[in-house]
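Peer 1: Start counting the sequence shown at 8; every next residue gets the next number (this note's numbering).
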Amino acid sequence: MARTLLLLSSLAALAALAACESDPEPGGPCRTDMTCGGSLVCNFQATSPTCLAPEKDEDGDGLKNEDDFCPNTNEASNNDEDGDGQGDACDLCPIETFRASVKDTDGDKLVGTCDPAPTEPGDKIVFFEAFDKPAALSAWTLDTPANLSVSNGALRVTVTGAGPSAEAKHDLPTTATTLAAFAAYRVVDAAPSGVSNASRQVNVALYDPAPNTGSGSVLCGPVSADGGAGRLTVTTTQGQSSSALVSSFTVNEPYRLLVQQEGSSARCVQIRGDLTTVATTNLEGALRPGVSLSVRGVSASYDYVLVISSPVR
8 MARTLLLLSS LAALAALAAC ESDPEPGGPC RTDMTCGGSL VCNFQATSPT
58 CLAPEKDEDG DGLKNEDDFC PNTNEASNND EDGDGQGDAC DLCPIETFRA
108 SVKDTDGDKL VGTCDPAPTE PGDKIVFFEA FDKPAALSAW TLDTPANLSV
158 SNGALRVTVT GAGPSAEAKH DLPTTATTLA AFAAYRVVDA APSGVSNASR
208 QVNVALYDPA PNTGSGSVLC GPVSADGGAG RLTVTTTQGQ SSSALVSSFT
258 VNEPYRLLVQ QEGSSARCVQ IRGDLTTVAT TNLEGALRPG VSLSVRGVSA
308 SYDYVLVISS PVR
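1) Check for me: the beta strand (DSSP E) holding Arg163 runs from which residue to which?
2) Output the distance between the C-alpha atoms of Lys177 and Lys63, rounded to the nearest integer angstrom.
3) Do you know how far the Cα of Val298 is from the Cα of Asp215?
4) Grouping DSSP H, G and I as helix and E and B as strand, with all else coil, what is Pro125?
5) Which of helix, strand or coil does DSSP assign to Ala251?
6) For Val133, list the residues DSSP reports as bridge partners.
7) Would you call the region 258-276 and the region 224-237 in contact, with 3 or more CB pairs under 8 Å?
8) Secondary structure at Asp74, three-state DSSP: helix, strand or coil?
9) Return the Cβ separation of Thr244 and Glu291 in integer angstroms, given the expectation that the two are a contact with Cβ distance under 8 Å.
10) Which residue marks the beginning of the beta strand (DSSP E) containing Gly297, and which one marks its end?
11) Return yes when the Cβ of Ser206 is within less than 8 Å of the Cβ of Arg279, no when it is not.
12) Three or more C-beta pairs closer than 8 Å, one from the region 143-155 and one from the region 170-186: is that the case here?
13) Put Leu313 into one of helix, strand or coil per three-state DSSP.
14) What are the start and end residues of the beta strand (DSSP E) that includes Ser158?
15) Does DSSP put Ser224 in a helix, a strand or coil?
16) Does the beta carbon of Asp122 sit closer than 8 Å to a beta carbon anywhere in chain C?
17) Should Ser203 be labelled buried (16 or more other beta-carbon atoms within 10 Å of its own) or exposed?
18) Would you list the residues sitting across from Asn259 in a DSSP beta bridge?
19) On the three-pair Cβ rule with 8 Å, is the region 137-145 touching the region 117-126?
20) For Asp130, count neighbouring C-beta atoms within 10 Å of its own C-beta (all shown protein chains included) and say buried if the count is 16 or more, exposed if not.
21) Alpha carbons only, please: which of Gln52, Val312, Ser249 and Ala188 is nearest the one belonging to Ala286?
22) Taking 8 Å as the limit between beta carbons, can you name the residues of its chain near Ala107, skipping five residues before and five after?
23) Who pairs with Phe189 in a beta bridge, going by DSSP?
24) Measuring straight from C-alpha to C-alpha, what distance separates Gly246 and Gly92?
25) On a CA-only basis, which of Gln52, Ala60 and Thr54 is nearest Pro5? Give me that one, please.
26) When you compare each of Arg193, Lys110 and Thr54 to Ser301 by their alpha carbons, which one comes out closest?
27) Identify the continuous beta strand (DSSP E) that holds Lys63 and give its terminal residues.
28) Could you round the C-beta distance between Asn50 and Pro78 to whole angstroms and report it? I think they count as a contact, below 8 Å.
Now the structure itself:
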């Protein structure tokens, strides 16, 4: 209770501080909550966040400042996956809502969940797909194209009795061997008509597009053989490990998966609200990386996949 009261008190104090700040003018500093008041737009990309006139086009990308989620980035996409007002192309963590209290202390342009080592530079986003456009799938390799589509900002994976599984793969533009891939998913149909629930899976994987040069894959996700919640399972050519789950196939429940490879170890994490489940196993050698999303026995949607590389530490 005391912790709750402290949190409420802190939020009230921040709100009061923002309310006490005067309305900025064009060229003036943004408020502490990265707003400007009125119709002005905060250029949070500037070294010192500055308020901009809404009708101008700061970066010359054809979008007025008032319509541009990244006013200093000339970008092809203007998507804002986490809805925090900062576009994916310039967001220091495009899957986590902006918090003014979280700083980029190591200067590698990543913060929060997206920064595996907040005090050590060198981490970077090497791939991010928010599935904000239907054409996004054109760059992916699909094993059953009829079962995969993009709509309403998500990859839709639908299975049937004739096709109980489906997978989408994408090579990664990096040679890094220390990688972390996040994927957010929801189960759309936990018992599709004509599909046996003897084996249900929702996975994210780091895989080797050329198996002869690497070690296969690191497969991460919930696996259920009895229609229940199942177990969080991480599988490599060197072994398999699993941990019991409370929930993993509840329809429309938001889940997040994280698969990591570092040195000789592989790690799989499922995040559901405040509940985190972890499984680890061994990995032989480093993969020449690609990322894949796959399901079996259920229909699901993926909101995004984000891959971060890190230097060897």
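Heads up, the beta-carbon is just placed ideally off N, CA and C, and yes, glycines get one too. Note that the coordinates shown come from a computational prediction; the quantities given were computed from them, not determined experimentally.
Peer 2: To lay it out plainly:
1) Counting from 1 along the sequence shown, the entry for residue 163 is found at position 156. Element bounds for Arg163: Ala161 to Val164.
2) As a working mapping, residue 177 is identified with position 170 in the sequence shown. As a working mapping, residue 63 is identified with position 56 in the sequence shown. Residue identity differs from the one stated: residue 177 is His in this sequence, not Lys. Between the alpha carbons of His177 and Lys63 lies a distance of about 37 Å.
3) Working through the sequence shown from its first residue, we reach residue 215 at position 208. Working through the sequence shown from its first residue, we reach residue 298 at position 291. Between the alpha carbons of Asp215 and Val298 lies a distance of about 9 Å.
4) One-based indexing of the sequence shown puts residue 125 at position 118. Looking at Pro125 - three-state DSSP - the assignment turns out to be coil, as it is neither helix nor strand.
5) Looking up residue 251 in the sequence shown gives position 244. In the three-state DSSP reduction, Ala251 falls in the strand class (E or B).
6) Looking up residue 133 in the sequence shown gives position 126. In DSSP, Val133 forms no bridge with anything.
7) They touch, by the three-pair rule.
8) The residue given as residue 74 occupies position 67 in the sequence shown. Helix.
9) Counted from its first residue, the sequence shown places residue 244 at position 237. Counted from its first residue, the sequence shown places residue 291 at position 284. Cβ-Cβ separation between Thr244 and Glu291: approximately 6 Å, consistent with a contact (criterion under 8 Å).
10) Counting from 1 along the sequence shown, the entry for residue 297 is found at position 290. It spans Gly297 to Arg303 - the beta strand (DSSP E) in which Gly297 sits, taken as one unbroken run.
11) As a position in the sequence shown, residue 279 is number 272, starting the count at 1. As a position in the sequence shown, residue 206 is number 199, starting the count at 1. Contact flag unset, no.
12) Cβ pair count under 8 Å is three or more, so yes.
13) Against the sequence shown, residue 313 aligns to sequence position 306. In the three-state reduction of the DSSP assignment, Leu313 falls in the strand class.
14) Residue 158 sits at position 151 when you count from the first residue of the sequence shown. Unbroken beta strand (DSSP E) run through Ser158: Leu155 to Ser158.
15) Within the sequence shown, the letter at position 217 stands for residue 224. It is a strand residue.
16) In the displayed structure, chain C is absent; only one protein chain is listed.
17) Position 196 of the sequence shown, counted from the start, is the residue given in the question as residue 203. Ser203 should be labelled exposed.
18) Indexing the sequence shown from 1 puts residue 259 at position 252. The secondary-structure analysis by DSSP pairs Asn259 with nothing; it has no beta-bridge partner.
19) Contact between the region 137-145 and the region 117-126 is absent, because fewer than three Cβ pairs lie under 8 Å.
20) As a working mapping, residue 130 is identified with position 123 in the sequence shown. Buried is the label assigned to Asp130, since at least 16 other Cβ atoms lie within 10 Å of its Cβ.
21) In the sequence shown, residue 286 corresponds to position 279, counting from 1. Minimum Cα distance to Ala286 is reached at Ser249.
22) For the purposes of this step, residue 107 is taken as the residue at position 100 of the sequence shown. So the qualifying residues of the chain are Thr39, Asp40 and Met41.
23) Locating residue 189 in the sequence shown gives position 182, counting from the first residue. Its beta-bridge partners are Leu265 and Leu313.
24) By one-based count along the sequence shown, residue 246 stands at place 239. By one-based count along the sequence shown, residue 92 stands at place 85. Rounded to whole angstroms, Gly246 and Gly92 show a C-alpha spacing of 43 Å.
25) An answer regarding residue 5 cannot be provided, because it is not within the stretch 8 to 320 covered by the chain.
26) As a first step, residue 301 is located in the sequence shown; it is residue number 294 there, counting from the start. Residue Arg193 is the option with its Cα nearest to Ser301.
27) Translated into positions along the sequence shown, residue 63 becomes position 56. Neither: Lys63 is in no beta strand (DSSP E) and is coded neither H nor E.
28) Position 43 of the sequence shown, counted from the start, is the residue given in the question as residue 50. Position 71 of the sequence shown, counted from the start, is the residue given in the question as residue 78. Asn50 to Pro78, Cβ: 5 Å. Contact.
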